[in-house]
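Accompanying notes for the structure given below.
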Amino acid sequence: MTPQQKFGEALRRRREQRGISLKDLAHRTKISASLLAGIERGDCSRWPGGIYSRAWVREYASAIGLDAEQIAARFSNCFANVAFPDGTPQEAEAAERAAAERRSRWRVLLPGWTWRPLQ
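The C-terminal position of the sequence shown is numbered 126 in my numbering, with every residue numbered one higher than the one before it.
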């Protein structure tokens with residue numbers, strides 16, 4: 008397990024110990040559930056870089072009752088060599104919404120049958 012995966016796993020365990028779902032955490036932090044799930048897997052490839060990602064980690068830590076500054080420092084150490092995409096949180100969220108919209112265009116009608124609405 009990589010240091011990034013260990014970091015994310017520790018966050019996930021704490022969140023679950025506190026009885027907080029990803030959906031609730033997303034509502035509290037205003038960060039999409041899929042991006043939060045990514046950090047719990049040790050994957051920040053869709054997160055914005057720089058101060059934005061540290062701010063998001065602080066929000067996450069505060070929401071699950073951890074010391075935000077301590078967790079942000081651990082995040083910086085664990086993800087120091089990870090290349091984050093350029094952009095702002097708004098751009099990251101917009102990309103995430105677009106991906107979710109593309110996924111939602113497929114509707115399951117019956118097992119084995121799908122329908123895609125015409126655009």
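Virtual Cβ for every residue (Gly too), placed ideally from N, Cα, C.
Item                                                                                              : Value
Selection from 78, 54, 55 and 53 that minimises the alpha carbon distance to residue 65           : 78
DSSP state of residue 53 mapped onto helix, strand, coil                                          : coil
contact_flag[the region 46–61, the region 10–18] where n(CB pairs < 8 angstroms) is 3 or more     : yes
Rounded distance between the beta-carbons of residue 62 and residue 69, thought under 8 angstroms : Rounded, the Cβ-Cβ distance is 11 angstroms, inconsistent with contact.
Helix, strand or coil at residue 48 [DSSP, three-state]                                           : coil
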